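Visitor: Shown below is the structure under consideration.
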Amino acid sequence: MARYKGASVLFLLYILLIFYLWTKTPELTTQRVEVAQEGEFETPGPLNPPPAVRARPPGPIHKQLLNVESSHASRQVVDTFQYKTLPDIPSWNRPPKEHVPEKTPLFIGFTRNWPLLQQCVLSYITAGWPAEDIYVVDNTGTMRSNFDSQPKITLQNPSYLNVDRLRNVFGVNVISTPTLLTFSQLQNFYIYTALENEWENYFWSHMDAIVLPDEDLTHAPLNQQRNPAISHKSLYMRAVDELRRTSDPNYAEGHDGWGIRFFEYDWLALNNVQSFVKMGGWDPLIGYYSADCDMYQRLQMAGILLDTAEAGWIMDVGRTIDLNLLFRRKYNPDMPPKTAADMNKLAEDKMGGEGFQHLIKLIQAEAEWKNNDPSARNHWQRRQLGGQGEPFHRDPRGFEQALEILIRSGDEIYSEKWGHMGCDLKESGLQLEDAWMVEHDWE
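This is how it looks when you write it as structure tokens:
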């Protein structure tokens with residue numbers, strides 16, 4: 132009986148609780164509204180629906196890029212040499228009738244931009260370098276596609292190289308790498324080719340360089356100061372003089388031989404083959420911009436002499452000029468000769484005269500444009516954007532982007548190898564045996 136009585140009490144309490152809540156609910160609601168009206172409490176606004184999840188459509192999503200065939204993205208490349216034969220070289224720069232006793236091979240590596248390579252080659256020829264000593268190295272990675280009797284690669288393709296003109300008009304040699312090589316691998320290819328030909332030394336040049344002899348006898352190079360010359364020599368014969376200096380028994384006294392002669396840094400350089408072989412060549416894992424720091428610093432750590440030299444004007448450019456100017460004739464730019472024979476009929480300009488001064492200023496302006504504007508520094512490498520559908524075509528924008536990634540990777544390998552980010556390895560106290568053995572010095 133007591134159990135039923137307790138249950139009745141609980142039921143009664145439950146009924147009273149419900150009645151209390153029912154009577155108080157309007158009051159509580161009214162208080163909330165009043166508080167909100169007084170600004171002491173803000174009710175949340177309406178809830179926004181969750182954003183719709185956009186499903187990725189099937190297949191690739193293409194980047195929004197400029198049409199590579201549009202005039203905005205790329206101007207059509209024009210071949211800047213129109214003659215079927217080579218005009219005469221300026222009389223004061225002609226190579227000796229009999230070759231000098233020394234072997235003077237000159238490597239010029241080519242990866243892309245035919246007009247710039249052509250300008251470089253012609254500048255060396257007109258500055259006196261024997262054409263038969265020049266070796267253009269096709270490093271396009273197109274597996275000799277440029278060597279076909281009917282080449283399948285055309286002028287708008289970055290990999291285009293006019294092998295027929297180089298050989299049969301300019302008279303230079305053209306050889307090919309087996310595939311596309313990085314900068315350091317290409318340098319090792321030069322060493323390998325020199326060994327195959329039993330060359331003790333070789334010259335090499337950047338393909339975006341343009342050279343001129345010192346016609347007015349006043350040029351002072353970037354890497355050294357000197358008094359004006361007293362008689363003219365072609366750029367080639369000055370380079371031969373610098374090569375002959377290395378034969379002096381006292382030349383590299385106090386060093387373990389010599390390694391490099393720098394003409395305006397390595398825009399043109401003379402290399403001693405055995406010094407590079409002794410050091411194991413270039414590090415192939417450091418592909419691009421840090422590769423020279425690694426190689427040159429290792430040579431210095433080994434006590435091998437690195438020296439400067441002078442031969443004339445050597446400038447780094449990113450665009451082509453009027454190639455007729457290199458032949459140093461008095462001609463009207465508005466009425467250029469139509470043939471090489473017509474060019475040869477024109478009178479020669481005065482050596483070191485107004486024509487030469489105009490040419491120097493023109494090239495200096497091109498060098499300043501390239502080196503003072505960061506966006507123009509490597510503009511020449513992306514100048515040609517055509518060639519779609521041709522063998523070994525590579526998207527030029529993708530090619531450049533991939534190169535930038537490889538460059539950064541090489542920089543990282545270099546800094547890991549030496550624990551140092553700068554090019555001053557020897558000055559920082561590092562030695563050859565420290566490679567891959569030291570902690571980072573920037574942390």
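Residue 132 is where the sequence shown starts when you use the working numbering, and the numbers rise one by one after that. Glycine is no exception: its CB is placed at the ideal position from the N, C-alpha and C atoms. Treat the numbers as computed from the prediction; the structure is a model and nothing was measured.
1. State the Cα-Cα distance for the pair residue 448 and residue 189, rounded to the nearest angstrom.
2. Looking at residue 482 and residue 223, is the spacing between their C-beta atoms short of 8 angstroms?
3. In terms of alpha-carbon separation, which member of 550, 528 and 412 lies closest to residue 114?
4. Please report the distance separating the alpha-carbon of residue 320 from that of residue 504.
5. Terminal residues of the continuous beta strand (DSSP E) containing residue 340?
6. Would DSSP call residue 237 helix, strand or coil?
7. With a threshold of 6 angstroms on Cβ separation, who are the neighbours of residue 307 within its own chain once the five nearest residues in sequence on each side are excluded?
8. Which term fits residue 470, buried or exposed, when burial requires 16 or more other beta carbons within 10 angstroms of its beta carbon?
9. Is residue 330 helix, strand or coil by DSSP?
10. How many Å lie between residue 537 and residue 420 at the Cα?
11. Counting pairs of Cβ atoms below 8 angstroms between the stretch 541 to 555 and the stretch 294 to 309, do you hit three or more?
12. Hey, is the stretch 332 to 345 in contact with the stretch 229 to 236, meaning 3+ C-beta pairs nearer than 8 angstroms?
13. What are the complete alpha helix (DSSP H) segments, minimum 4 residues, inside the stretch 221 to 285?
14. Please state whether DSSP places residue 187 in a helix, a strand or coil.
15. Beta carbon of residue 389, beta carbon of residue 435: below 8 angstroms?
16. Tell me the residue span of the alpha helix (DSSP H) that contains residue 530.
17. Assess, as a yes-or-no matter, whether the stretch 370 to 377 is touched by the stretch 426 to 443 under the definition of 3 or more beta carbon pairs within less than 8 angstroms.
18. Taking buried to mean at least 16 other C-beta atoms within 10 Å of its own C-beta, is residue 414 buried or exposed?
19. If you follow the beta strand (DSSP E) that residue 392 is in, where does it begin and where does it stop?
20. I'd like to confirm the pairing. Which residues does DSSP put opposite residue 336 in its beta bridges?
21. Start and end of the beta strand (DSSP E) containing residue 446?
22. Counting Cβ pairs closer than 8 angstroms, one from the stretch 516 to 525 and one from the stretch 481 to 495, do we hit at least three?
Guide: On the basis of the coordinates in this document:
1. 46 angstroms
2. yes
3. Because residue 114 is not part of the residues shown, which for the chain are 132 to 574, the question remains open.
4. 32 angstroms
5. 340 to 343
6. strand
7. 269 and 275
8. exposed
9. coil
10. 10 angstroms
11. no
12. yes
13. 245 to 257
14. coil
15. yes
16. 527 to 549
17. yes
18. buried
19. 389 to 394
20. 239 and 399
21. 444 to 447
22. no
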